[in-house]
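Enquirer: Heads up, my numbering is the position in the sequence shown plus 49, with the first residue counted as 1. Structure in structure tokens, see below.
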Amino acid sequence: MEEVNPMSSKKLKKKIKKGLNTYLKFEITDSFKKIDKKFLKQYKKREVFEKIDDRTVVIDTMRILSAYAGGILSVFGLILLFIIAPDNSFLTIPWIVFYSILFLVFILSLIYAFTISKQYITLDRINGLFMFPRKLYGQPFTIKFDEAVVYWVGTGGASGNIDMKLAVAYPNNKFLGTYLSAHIEPYYEIWSFYVWYMDKNRPLPPGDAFDPYREKDFLRRRAEGFPPPLYKSYIPTPEATPAQQAEREQYWTDEQYTEKFEREEESEWYDPQIHEDWEVTTFYEPNTKIPVANRYVKFIFNDGRIIYAKTNEDGSLHEPPESEDFEMQFVNIKK
């Protein structure tokens with residue numbers, strides 16, 4: 050299996066404190082290390098990315114190396130037992146059992162390493178498909194990305210910290226799953242990378258490995274009319290150039306689709322193309338001429354709709370027409 054180093058960060062502790070629910074939403078929650086060319090196998094054979102472009106990402110699960118590692122560890126175990134075993138105890142039943150188990154692990158690891166084919170995780174950005182391997186020799190699963198059941202699993206590390214891994218459940222058995230990996234280790238960064246890449250309506254993730262494909266991807270999204278993002282994000286996902294950013298912002302902006310706080314599942318952001326009848330209003334601090342600038346506002350409608358907006362530097366904001374029955378609240382964001 051893949052090696053996971055222990056992590057102890059404030060960010061990780063905050064995520065654990067959210068509760069015991071380990072299932073993850075389809076959200077971009079964290080920034081992550083750029084995907085540079087140095088992570089491609091064509092430059093370094095032991096790296097994880099077999100292929101990267103604007104349509105597909107293929108990640109080597111490194112299971113063959115894991116199998117070899119299991120065999121090597123069993124050999125070290127045998128040597129260690131010979132060193133620590135008391136004199137004249139090699140032929141006693143308990144020690145024979147230990148030797149036999151380690152020798153069997155060594156043989157099985159070698160057989161597995163020599164007989165298994167390379168196994169990959171594949172992200173199909175355009176078609177929204179997710180492919181990942183089963184355990185041992187099973188054929189890989191292919192499912193729709195947004196139907197995947199993804200979660201983190203934690204184990205105790207040697208230093209007392211928590212080792213965390215990202216996993217996806219088998220579609221036919223939720224009690225079994227496959228570990229997911231990338232060029233980074235924190236589970237929440239791996240998942241943020243997966244979700245960003247699989248949101249085909251956003252620009253490609255950062256890193257020079259994607260640079261040759263950015264123009265082609267931008268032209269595809271332009272031809273499709275720059276549809277809005279598929280998944281939430283809590284970080285900006287900008288275009289490659291200011292000119293591209295300006296063109297795309299005629300359709301949707303990062304501000305509209307970058308979450309600053311946890312919103313209700315069915316809520317949405319103010320969209321000038323949809324809410325054409327909303328009117329500009331300017332808000333001031335009570336009994337002053339000081340504008341209420343850069344504040345988030347929540348509109349709650351009697352029919353259950355919830356729409357968020359944000360005031361400009363001058364305190365101006367589009368709000369629903371008086372004909373609609375709604376309540377307005379300013380949103381306080383915890384730092």
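C-beta: ideal position from N, C-alpha, C; glycine also. Keep in mind that this is a model prediction, so the values were computed, not measured.
Among the residues of its own chain, which have a CB less than 7 angstroms from the CB of residue 251, if the five just before and after it don't count?
Expert: Same-chain partners within the cutoff: 245, 278, 286.
Enquirer: Name the residue from 310, 336, 338, 365 whose alpha carbon lies nearest to the alpha carbon of residue 381.
Expert: 310
Enquirer: Per DSSP, residue 232 is paired with what?
Expert: BP columns for residue 232 are empty, so no partner.
Enquirer: Among 371, 362, 375, 334, whose alpha-carbon lies nearest the alpha-carbon of residue 353?
Expert: 375
Enquirer: Judging by CA-CA distance, which residue of 167, 183, 290, 191 is the nearest neighbour of residue 176?
Expert: Its Cα nearest to that of residue 176, the residue 191 stands out among 167, 183, 290, 191.
Enquirer: Give every residue of the same chain whose Cβ lies closer than 8 angstroms to the Cβ of residue 367, excluding the five residues on either side of it in the sequence, and list them in chain order.
Expert: 319, 321, 324, 327, 328, 329, 330, 358
Enquirer: Across the region 218 to 228 and the region 264 to 274, are there enough close Cβ pairs to call them in contact, namely three or more that are closer than 8 angstroms?
Expert: no
Enquirer: Check this for me: beta carbons of residue 73 and residue 301, under 9 angstroms apart or not?
Expert: 9 angstroms or more divides the Cβ of residue 73 from the Cβ of residue 301.
Enquirer: Tell me which same chain residues have a C-beta within less than 6 angstroms of the C-beta of residue 281, skipping the five on either side of it?
Expert: By the criterion of a C-beta distance shorter than 6 angstroms, residue 281 is surrounded in its chain by 76, 308, once the five residues flanking it on both sides are discounted.
Enquirer: Using three-state DSSP, classify residue 291 as helix, strand or coil.
Expert: helix
Enquirer: Express the C-alpha separation of residue 199 and residue 116 in angstroms, rounding to a whole number.
Expert: With a pLDDT of only 40 at residue 116, under the threshold of 50, the placement of this residue in the model should not be trusted, and no figure is reported.
Enquirer: What would DSSP say about residue 62, mapped onto helix, strand or coil?
Expert: Because the pLDDT of residue 62 is 43, which lies under 50, any placement of that residue in the model is unreliable, and the question is left without a value.
Enquirer: From what residue to what residue does the alpha helix (DSSP H) around residue 266 run?
Expert: 263 to 272
Enquirer: Let's test the definition: count the other Cβ atoms within 10 Å of the Cβ of residue 226 and tell me whether it reaches 16, buried, or not, exposed.
Expert: buried
Enquirer: Based on Cα-Cα distance, which residue from 174, 89, 202, 79 lies nearest to residue 224?
Expert: 202
Enquirer: Which of the three DSSP states is assigned to residue 341 in this structure?
Expert: coil
Enquirer: Should residue 341 be labelled buried (16 or more other beta-carbon atoms within 10 Å of its own) or exposed?
Expert: By the neighbour-count rule (16 or more Cβ atoms within 10 Å), residue 341 is buried.
Enquirer: Who pairs with residue 222 in a beta bridge, going by DSSP?
Expert: 219
Enquirer: Which residues bound the beta strand (DSSP E) around residue 109?
Expert: For residue 109, the enclosing beta strand (DSSP E) stretches over residues 105 to 109.
Enquirer: Could you check if residue 101 is buried or exposed, using at least 16 other CB atoms within 10 Å of its CB as the buried criterion?
Expert: It counts as buried.
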